[in-house]
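*Asks:* Going down the list, the sequences are from chains D and U. If you use our numbering, the first sequence corresponds to residues 44 to 203, in order. If you use our numbering, the second sequence corresponds to residues 44 to 203, in order. Beta carbons are placed, not taken as given, at the ideal position from N, Cα and C, and that holds for glycine. Here the structure is a predicted model, which means the values were calculated and not measured.
Protein chains: 2
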Amino acid sequence: MTDQRWLSPAELSAWKKFIAVVELLPGVLDSQLQRDADLTHFEYFSLAMLSEAPDETLRMTALASLTNSTLPRLSHVVSRLEQRGYILRSPCAEDRRATNASLTAAGRKKVMHTAPGHVGTVLANVISPLSADDVNDLDRIMGTLLEKLDPENRFQARGA
Amino acid sequence: MTDQRWLSPAELSAWKKFIAVVELLPGVLDSQLQRDADLTHFEYFSLAMLSEAPDETLRMTALASLTNSTLPRLSHVVSRLEQRGYILRSPCAEDRRATNASLTAAGRKKVMHTAPGHVGTVLANVISPLSADDVNDLDRIMGTLLEKLDPENRFQARGA
DNA sequence: CCCCAATGCTTGACGCAACAACCTTCCGCC
DNA sequence: GGCGGAAGGTTGTTGCGTCAAGCATTGGGG
């Protein structure tokens, strides 16, 4: 904390732009999903993780790890998604403390129906403005940062 | 929305990592500031913007633009910071609808005292892991994205 | 000169996230 | 085999962000 180095001009420039993007991007994603599917990005992401899981089912803890959320937060969100009919909770046979969350047919349909618009937003706002080289650089840089921010690789548990 | 292109493997890889960082980074920044200064990143950023402004004073609208927030949000946050003695509100002479927000002496001290730790966190988690080339690439890529996400350049009103 | 729309900001109500407290089940150990 | 601690989830409370009004001021057109 007494590491009293400041940022160089080049570093400061990059940092300011980076933090601006970090603040703005979630709003863009959330707005589109909210408007078109009445889902937050976190809700969509949770459903998407389930849709990619074997049997479209995950333990709460596993899903919390994949979505980088706390268990209490996930529990609340899953409760809402369950009430809306997208997710079904069931006790886990192997460990009776645990709860499995599974995608319902309606949930699967919701994800499939929502994905194109979301992907379109990502393309329009992030991918399309960048060149192929930019995308590679972005991949490399974010990979480096993830090693710092998420050492256990919980978030990126699924392969590149 | 019927632009039914999907993401290429390279794009998908970059996107997954990027979104992971976007989700994780705010938490890292907020945690450090909360722990060491009892401030959210947004509160710190607001104070920092004021500290760089002429007379350490800005109209609410101008500050909202710099911090990329809505006016209601800013109004609430400024109310809290005012109660804590870091900011003073005063009516604007030129336009009696407007409100000026100024840094108090305590607010200035708070920013000066908080900045080093915050910069240290940024260095440790974002800048240090990257090479000089990485930083340049990051600057270029985020600049490109900002043109899409913030066309009016409100967020980056101050020079690079 | 007056009216009316637009601007600048504030306030109140509601929803979601973080934190803490709690209950249940599992497991290691004696 | 039963005791204590750890792991897995759920439930309340508090705090912040968003949205919808609302009030005051300004500026432009009749």
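1) Just verifying my parser: in three-state terms, what is the DSSP assignment at THR110/U?
2) In this structure, how does DSSP classify LEU131/D when only helix, strand and coil are distinguished?
3) Please identify the residue among VAL71/D, GLN47/D, ALA80/D, LYS60/D whose C-alpha is closest to the C-alpha of LYS153/D.
4) To the nearest angstrom, how far is it from the Cα of GLU190/U to the Cα of PRO69/U?
5) Are the C-beta of MET185/U and some C-beta of chain D separated by less than 7 Å?
6) Check whether the Cβ atoms of PHE85/U and MET185/D sit closer than 7 Å, and answer yes or no.
7) Using the three-state DSSP reduction, which class does SER174/U fall into: helix, strand or coil?
8) When the Cα of SER145/U is compared with those of LEU173/U, ALA63/U, SER89/U, which residue comes out closest?
9) If you count every other CB in all the chains shown that lies within 10 Å of the CB of TRP58/D, and 16 or more means buried, which is it?
10) Regarding SER118/D and the ligand FAD, is the C-beta to nearest heavy atom distance less than 6 Å?
11) Below 8 Å, how does it come out for the region 97-105 of chain D and the region 127-141 of chain D: are there three or more Cβ pairs, yes or no?
12) Relative to the C-alpha of LEU93/D, which candidate in ILE130/D, VAL71/D, ARG116/D has its C-alpha closest?
13) Hey, does LEU109/D have any beta-carbon neighbour from chain U nearer than 7 Å?
14) Could you check the C-alpha separation between LEU181/D and ARG116/U for me, to the nearest Å?
15) In this structure, how does DSSP classify SER89/D when only helix, strand and coil are distinguished?
16) Can you name the residues that DSSP bridges to ALA53/U?
17) Take LEU124/D and list the residues in its own chain whose beta-carbon comes closer than 8 Å to its own, dropping the five residues that flank it on each side.
18) Between LEU192/U and CYS135/D, what straight-line distance do the alpha-carbon atoms span, to the nearest angstrom?
19) Residues in the region 159-180 of chain U with C-beta within 7 Å of chain D's C-beta atoms, listed in sequence order?
20) Please decide whether LYS60/U counts as near chain D, where near means a Cβ-Cβ distance under 7 Å.
21) Do you know whose CA, among GLU66/D, LEU114/D, LEU72/D, SER56/D, lies nearest ALA167/D's CA?
22) How big is the Cα-Cα spacing for GLN77/U and THR83/U?
23) ARG151/U lies in the alpha helix (DSSP H); which residues open and close that run?
24) Pull up the CB-CB distance for THR187/U and LEU173/D, whole angstroms please, since I reckon it's below 8 Å.
25) Name the DSSP beta bridge partners of ALA105/U, please?
26) DSSP on ASN196/D, reduced to helix/strand/coil?
27) For ASP73/D, would you say it is in contact with chain U, using Cβ-to-Cβ distances shorter than 7 Å as the test?
28) Tell me the DSSP bridge mates of ASN143/D?
29) Please tell me whether LEU22/U has its Cβ less than 7 Å away from any Cβ of chain D.
*Replies:* Looking at the atomic coordinates:
1) coil
2) strand
3) ALA80/D
4) Each residue's CA atom was taken as its position, placing GLU190/U and PRO69/U some 21 Å apart.
5) Yes, contact with chain D.
6) no
7) In this structure, SER174/U counts as coil in the three-state DSSP scheme.
8) SER89/U
9) buried
10) Ligands in the displayed structure: none, and consequently the ligand FAD is not present.
11) yes
12) ILE130/D
13) no
14) 32 Å
15) helix
16) Under DSSP, ALA53/U takes part in no beta bridge, so it has no partner.
17) GLU86, SER89, LEU90, ILE130, GLY150
18) 43 Å
19) PRO159, GLY160, VAL162, GLY163, VAL165, LEU166, ASN168, VAL169, ILE170, PRO172, LEU173, ASP177, VAL178, ASN179, ASP180
20) yes
21) LEU72/D
22) Rounded to whole angstroms, GLN77/U to THR83/U spans 6 Å at the Cα level.
23) Its alpha helix (DSSP H) spans residues 148-165.
24) Indeed they touch by this definition, with Cβ atoms about 6 Å apart.
25) Its beta-bridge partners do not exist; DSSP assigns none.
26) coil
27) no
28) ARG102/D, SER133/D
29) Nothing can be reported for residue 22/U: it is not among the residues displayed for chain U, which extend from 44 to 203.
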